[in-house]
Every structure is written in C-alpha cells, then in structure tokens.
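**Q** Residue numbers (the UniProt record's numbering): 1 to 719.
In this text, a Cβ means the ideal position worked out from N, Cα and C, and glycines have one as well.
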Amino acid sequence: MDLPHTGSPNQSVELLRIETNLFNLYIQGKPYHPTVESMQLHRTNEGDWIDTSIHISSLSNECVIDKISLFSPELGELTPWQTGEKSYPLFFETQSYELVIEKKQSLPITFHHENIHLRGSIKPLGQAILSGILNFQNEVGLTDLELRLNGHAIFQLQLEIFPSKMDYKQDYQMILNDVNQQIYNLSFDFLRKTYHLTGLKETRNQSLTEFFAILQHVFDQLVQAVERIKSSPNYKLEKEMRVVEAARVKKTGKENIAYLTKRPHLLAPDEKVGFIHANGQTLSPSHALETKRRIQHDTLENRFVRWVLQRVSTKLNQLKAKILDKNRMQDPLLLKRLNFMQTQLQRLLRLDFLNVGEMKQLSVSLVLQMAPGYREVYRNYLMLMKGLSIQSDLFRLSMKDLAQLYEYWCFLKIHDLLSCKYELIKQDIIKVNRTGVFVTLDKSQKARMVYRNPSNGEIFTLYYNSLPRGDRSATLGQKPDNVLTLKKNEAAEEYKYIFDAKYRINPAYEGTPYYAKYKQPGPEEDDINTMHRYRDAIVYADGQVQELERSMFGAYVLFPYHDEEKFREHRFYKSIELVNVGAFPFLPGSTELMEAFLDEIIMDSPEKAYERSTRPRGTKAYFQNQMSGKNVLVGSLREVAQLEVTLQQGFYHIPLENISDHKILTQIEYIALYQSKGSLPRLVKPGSIGMDASWTGRCYAAKKLRNVLLERGQKRSCT
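And the structure:
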C-alpha cells in the first residue's frame, strides 16, 4: 500500500532492501520523524528534501549485489535505486530501525559496527537469520554497517543519520564549524599572548591578512632555523660491511670470525702469510669482510623537521585555495607572498639532510630541546603547527553525540557573544605543555572564562560544568552547564545566572496538551522545572557563617529553535520578566534574544539585579516588622550651642559619610540627642523622662525632641 508524504509518521514500512547472491538485507522503520515533519527540517530553500549520502558496496568478489530498493517519500513506496541516484533523509537520531539479514547459504556471516552496543544488538535468529533493532541515540552523521564472512569484510552499507531537532545542513554543520572556529581562535590568541608576538595588532575578529601576517612572522623564524641546521645537521653512524679480497681489506673486525667459520671454502693453505691455524695447517682467507662507517641523516630529529615543513606546506595550500575561491576578493600582494613562501618550503625540502623517511612517532629528544636550529624548529612547531592544526588534530569530534556537541556549542557561543564586547582576561580551555597546545573542553573537565567590562572595569566570569566557589546544594548535587557570575562595583555580592543547554524541543503537535497550553514549539516543561530546581537548590555559604543564602538570581533553558520573533509570545519567554526563569531559542543565526539579555544583565545596577529575583511571600511584611522600632537616630552633641540651635531651629545635622547605609535616612522618624558624660552640663537627670540610666552618657528621650519637632511641623527634619 502506498504511503503518501503526509501519511502517519507512526507507521513502519520497509525503507531499504538489498539483494545479493549470499544474503538479502532489509531495514524497516518509520519513514518520517514527527518533529522533522512539524518543523520542516532538512529541506532546500524551495522546500524539497535535501539529497542524502547512502553508499552500498561489495568488499569481496564473493559478494555480488543484484538489486537495491529504497523508500521514496515522494512516491510513498519502495522503488528501485542505483548508486549515484538521489536519496532522501530516512534515518534519524533517537528513532529505532529493525535490521534483518536473510542468508541464502549456510555461511558464518556476522554483523559488525564500531559501536559495541549497535554491534551487540544484531543477533542470530535460527540458522539463516540475523536480526535486531538499531537505535543511533543522539549520534548523527555517517555510520558504517559491515557484514563479515570468516572474519573478513565482504559488504558495507554507509547510512547518513540526520538530527531530529535541528536542520542538518544549516544548523549541525554550522555548529561544527563554530565549535572548531572558537577553539581555533582561542588557541591562536593564547599562542600570541604566550610568545609575545609584538608589533601585531590585537584584534578579536582576525581577517585573512592579519592571520597571514602572524603566519609570516613565525615562518621566517622557521626558515632561518632550518638554514642553521643545514650547516651542522644531526646524524648517526651506520656500520657497512662488504666482502672484498683479503689483500684489499683495510679494516676488519671480529665479525670475520663468524663469517669465515660458516664459509670454510674461503680458507686456503698458505705457509707464508697464513695466520689461521686449524688441524695442523696454516690457512689464509681469500675473501673477508671489510667494515666501514658512514654518516646517515635519517634520524628522528631530521624526520621531524621534514614533517613540520610538509605540514606547513599543506596548510599553505589550503589557505591559497580559500584565497583563490571565486567568491572572495583576491589580493595580488597576498598571493605573491604566499607563492614566495611555498617556493621557500620546496627549496628547504630538497636539502640533502632532509632526504629521510616518514615520521611515525614523535619523541622529544635532547637534540630537539637544546641543539641549535632544532630547538627553534621545535618552538615554532609549538607556535605555528599546533595553532594551524587545531581543527584537524587537537579538537577531533570523534564522538558524534549531538546533545553533547550542542552543549559545547552553547558554552562557546556565549563566550563568543561576550568576547565581542568585553575583554577576555583569563581562560583555562586552552593550555600548553611540552607536547604543545591541547583543549580541555569535555564533560569531565571544568572550564572558566573571565572577562572585564572596559567601560567600568567590572569583572564577570563564565563557568562551564562547575559552580562558583562557595556555591553548593544542601540536599542533592546540582551541576548546571553554564553559570555567569557578575561582580558589580557598587555591591559586595555576586549576581549569578544559570544558562543550561538542553538538546530537546517540544514541537507542539496539534491536539497535544503542550499545543493547547502554548500554541507553539518550545522547551520541555521538565526542563523549565529543572531551572526552578537549580535556582532554589543552589545556595551559598562563605565558610565562616553557617547561614545559607540562595545565590542564583535566574535560570534559563537554551534549546534548539530558530523562530525568535514567534517565541517572544511564548509563556516561557515572558516568564523571565516575571520570575526570572524561562528559556531562550539558541541556534546559529538565532542568538539575538540571548545577546540582548546578556547585555541587559551586565549593564544592570545592583538594585536592578536584586529586584530581578523573586522573593518569598511575606518578605515586605517581614522587613517592616524587623525595622519597626528602629526609626530613631541617636545623634551626639559636641557643645551646648549645638543643642540650643537644634531645639530652636528644629533640625539636626550629621556628615553623610558617617552613615554606612543611606537607605535608613528614609525610615527615620525621631531623633534622640546624646551628650558625653562630663563633657557637657547635666541637662536632664538620668531616668527622669524614660531614659536608660545605664547609658555611659546622657540622652534626651526621643519623645521630648519629637514633641519639639512636631510643634514646628518638621517631623522628618534630619539632613
């Protein structure tokens, strides 16, 4: 039965059938993913399905592919297919597919996949069937399914697994590029600061020309180092032995004993010059081994130098290819310098001492660390090669877990938004040791980025996979993805906000409770509840005072969604202003809401930041009760004249700098005057008008002064 393009996504159909002379392979599952259909992902600008990558190949002459049939979403049925024809996205993350292999002969065919869980899910079912369920979880990209006969691969099926919550081409590829580019920029910036490349302009958005200028600086040092090595290259002495006539041998060794013992036919009787005595005879060899030592430049250090030059040449070719791209504006001077550098590299690679083999492993020897020329090459290798190869070598995303990749991207993108406007003063993602630069960003590591606001000098810190010092939970452990702490100049406290990456989205299908509540896609309700838990469960204790304080002022979900304008009307976006808990759509090209919010909280005054937090019910009444009875200012008198002026004019003055908390000035209703004991005449007898007689000095009761002030109509005459 035909399955139309708009058919039920819950109906399983046969997606792929491969017929060979040894077996038939079937894959069955849902042809559509409901979230993909709802959000119209993996489409071209014209709305058509994008072309996917499916490769089917026989790896042995024993296996011959007879026929291939592939499900067509356009026709809604299984249709004949050949390699090279268009194929459609049929396989998605977190969706299960049934794989069945039907053997045509009684052969020990086994299923193999690099993932041990997928490998173990396909098991024999009787003598002729291999069957099981494949679920790729959050892994996307290419995956290879392999069949083996007697341990040897005979067949390979390569599928492309598509994301279900973001577009494969527009979002997933851009996230990969963003992650690599951010790591690359951090590494290069780290190297520049580490080695103090003076004379270069510090800029956050490096153009190709600026990058090439730094590359040229390191390249010149590299060329000079190789030229210095040429005058005295590292070498090793190798023994070379050859068979020559005995009369021509200049230098022999003990190797000849074993050589002649095995070849007695080379020995002849010679009574005159013979020197070997055996069986009563004096023998002389006709031929012997001559030992020579020759210089060999094929050492580990020279292989390393050649490898560095080859790697730089490869990177220069990649750079030139980008410059020559038809969509870029070409710079003739830049191309000229690039060609000159390539010529220099080829000249160096033709040097005699670099005519060596391939480098198979790197061992940092004393020659590389201390020998003239070699140490400069090694130093420039750390600077240049590790910086250039950061994308391909140091930060391989061998894992294809999209949820984990999205989490990394959220952290690095927040950093990118902050670093464009504020100064990065410290980071611990990129580090260096004697083997070069390495990246510490992964789920088992903690990371921290420290920034300074150039306009006011305020410091704020972005934490990944950790909590700021002093924060903890009194119940269960809490570990949000990203925490931003802001230190305001006018406040002693830090204002902290949680941004938690959640690779989840509810597509709000019509007829579901989520659609009835919110009318549009958004974060899962469980994730919003998690933000409430984070904000309320994480508390602060400084170690000296046992009293715990709630330290998080807000918590927000970052989830994969594009339509920022539409999401402005979502309840979980409006809730940010109400309770400071909510969500932001966060994908490449959809970061405006998040960027605006970051600017807002960074520019907040301490009062505004505090008012963002939701206080418990009864807070106002509690503080009113706490402040009741504390509306009296006790003021000291320096001389009798001050008392007379105060009583006559109805005011009392005190330097503003003497008051630590200026807010109390709005709460003062009464003023009590205090005189030091013995410094002024006794004005009132202690205890005569309700005064505490135990005071060291003497004080006019607030009640009396209040009556004076009330008579003058100046109840709040404190300045």
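Taking the alpha-carbon positions, what's the Ile654 to Tyr464 distance?
**A** Cα to Cα, Ile654 sits roughly 49 angstroms from Tyr464.
**Q** Taking the alpha carbon of Pro80 as the point to measure from, which residue in Leu15, Arg248, Phe219 has its own alpha carbon closest?
**A** The shortest Cα separation from Pro80 among Leu15, Arg248, Phe219 belongs to Leu15.
**Q** Could you name the residues of the same chain whose beta carbon sits closer than 6 angstroms to that of Phe597, not counting the 5 residues immediately before and after it, in chain order?
**A** Excluding residues within five positions, none has a Cβ falling inside 6 angstroms.
**Q** Within a Cβ cutoff of 6 angstroms, which residues of the same chain sit near Asn135, ignoring the five residues on either side of it in sequence?
**A** Once the five neighbours on either side are set aside, the close Cβ partners of Asn135 are Ser96.
**Q** What residue range is occupied by the uninterrupted beta strand (DSSP E) comprising Pro108?
**A** Looking at the DSSP string, Pro108 is not in any beta strand (DSSP E), and its letter there is neither H nor E.
**Q** In three-state terms, what does DSSP make of Lys566?
**A** Helix.
**Q** Can you tell which of Phe111, Phe155, Glu227 has the C-alpha that lies nearest to the C-alpha of residue 733?
**A** Any answer about residue 733 is impossible in this case: the structure gives the chain only from 1 up to 719.
**Q** Quick one: what's got a C-beta closer than 8 angstroms to Lys86's C-beta in the same chain, skipping five residues either side?
**A** These residues qualify, in order along the chain: Asp51.
**Q** Could you name the residues that DSSP lists as bridge partners for residue 728?
**A** In the structure displayed, the chain extends from 1 to 719; residue 728 sits before or after that span and is not available.
**Q** Should Ala513 go down as buried or exposed, given a rule of 16 or more other Cβ atoms within 10 Å for buried?
**A** Looking at the sequence provided, one finds Pro at residue 513 rather than Ala. So Pro513 counts as exposed.
**Q** Whose CA, out of Leu130, Ala516, Pro264, Phe586, lies closest to the CA of Ile505?
**A** The candidate whose alpha carbon is nearest that of Ile505 is Phe586.
**Q** Please check the pair Tyr497 and Phe553, which I expect to be a contact at CB under 8 angstroms, by giving their CB distance rounded to whole angstroms.
**A** Right, the Cβ-Cβ distance comes to about 6 angstroms (below 8 angstroms), so this counts as a contact.
**Q** Identify whether Arg533 lies in helix, strand or coil by the three-state DSSP scheme.
**A** Three-state DSSP puts Arg533 in a helix.
**Q** Find the nearest neighbour of Tyr495 within the set Ala501, Thr485, Asp481, judged by alpha-carbon distance.
**A** Answer by Cα proximity: Thr485.
**Q** Check the C-beta distance from Pro31 over to Phe71 and give it rounded, since I have them as a contact under 8 angstroms.
**A** That belief holds up - the Cβ atoms of Pro31 and Phe71 are roughly 6 angstroms apart, short of 8 angstroms.
**Q** Give a yes or no on whether the C-beta atoms belonging to Met359 and Trp307 are separated by under 9 angstroms.
**A** Against a cut-off of 9 angstroms, the Cβ pair of Trp307 and Met359 comes out as a contact.
**Q** Identify which residue in Asn339, Phe304, Arg375, Arg337 has its Cα closest to the Cα of Asn355.
**A** Ranking Asn339, Phe304, Arg375, Arg337 by Cα distance to Asn355 puts Phe304 first.
**Q** Within the same chain, show all residues whose beta-carbon is closer than 8 angstroms to that of residue 738, passing over the 5 residues directly before and after it, in chain order.
**A** Residue 738 is absent from the model: the chain starts at 1 and stops at 719.
**Q** Considering only residues of the same chain and omitting the five flanking positions on each side of Leu388, which have a CB-CB separation below 7 angstroms?
**A** For Leu388, the predicted model reports a pLDDT of 39, less than 50, meaning its position is unreliable; a value from the coordinates is still stated below. Around Leu388: Lys315.
**Q** Counting only runs that start and end within the segment 14 to 68, where is the alpha helix (DSSP H) found for 4 or more residues in a row?
**A** Listed in chain order, they are 34 to 39.
**Q** Return yes when at least one heavy atom of the ligand ZN lies under 8 angstroms from the C-beta of Lys336, else no.
**A** The ligand ZN is absent from the structure shown, which contains no ligand whatsoever.
**Q** Grouping DSSP H, G and I as helix and E and B as strand, with all else coil, what is Leu266?
**A** In this structure, Leu266 counts as helix in the three-state DSSP scheme.
**Q** Under 8 angstroms by Cβ, that's how I've got Gln520 and Ala508 pegged, so tell me the actual separation to the nearest angstrom.
**A** Contact holds; Cβ gap of about 6 angstroms.
**Q** Val13: which of Leu78, Leu633, Asp66 sits nearest, CA to CA?
**A** Of Leu78, Leu633, Asp66, the residue nearest in Cα terms is Leu78.
**Q** Mind checking Ser53: buried by the 16 CB within 10 Å criterion, or exposed?
**A** With fewer than 16 other Cβ atoms within 10 Å, it is exposed.
**Q** Within a Cβ cutoff of 8 angstroms, which residues of the same chain sit near His42, ignoring the five residues on either side of it in sequence?
**A** So the qualifying residues of the chain are Val36, Trp49, Ile50, Pro89, Phe162, Asp167, Tyr168, Lys169.
**Q** Starting from Phe460 and walking both ways along the beta strand (DSSP E), at which residues does that stretch end?
**A** Where Phe460 is concerned, the enclosing beta strand (DSSP E) stretches over 459 to 464.
**Q** What number of angstroms, rounded off, separates the C-alpha of Met603 from the C-alpha of Ile175?
**A** Cα to Cα, Met603 sits roughly 29 angstroms from Ile175.
**Q** Which residue comes first and which comes last in the alpha helix (DSSP H) that contains His415?
**A** Here the alpha helix (DSSP H) through His415 covers 402 to 419.
**Q** Between Asp178 and Leu412, is the Cβ-Cβ spacing less than 9 angstroms?
**A** Yes, the pair counts as a contact, with Cβ atoms nearer than the cut-off.
**Q** Between Phe499 and Ile414, is the Cβ-Cβ spacing less than 9 angstroms?
**A** The answer is yes: Cβ separation under 9 angstroms.
**Q** How many angstroms separate the CA atom of residue 739 from the CA atom of Val243?
**A** A question about residue 739 goes unanswered here, because the residues of the chain that appear run from 1 up to 719.
**Q** Can you give the Cα-Cα distance for residue 772 and Pro264, rounded to whole angstroms?
**A** Past the edges of the chain, shown from 1 to 719, lies residue 772, and the structure says nothing about it.
**Q** Could you spell out the range, first to last residue, of the alpha helix (DSSP H) harbouring Lys123?
**A** Counting along the chain, Lys123 falls outside any alpha helix (DSSP H), though it belongs to the beta strand (DSSP E) covering 123 to 125.
**Q** Locate the beta strand (DSSP E) running through Lys487, then write down its first and last residues.
**A** Counting along the chain, the beta strand (DSSP E) containing Lys487 begins and ends at 482 to 487.
**Q** Which residue marks the beginning of the alpha helix (DSSP H) containing Leu289, and which one marks its end?
**A** It is not in any alpha helix (DSSP H) - Leu289 instead sits in the beta strand (DSSP E) that spans 287 to 296.
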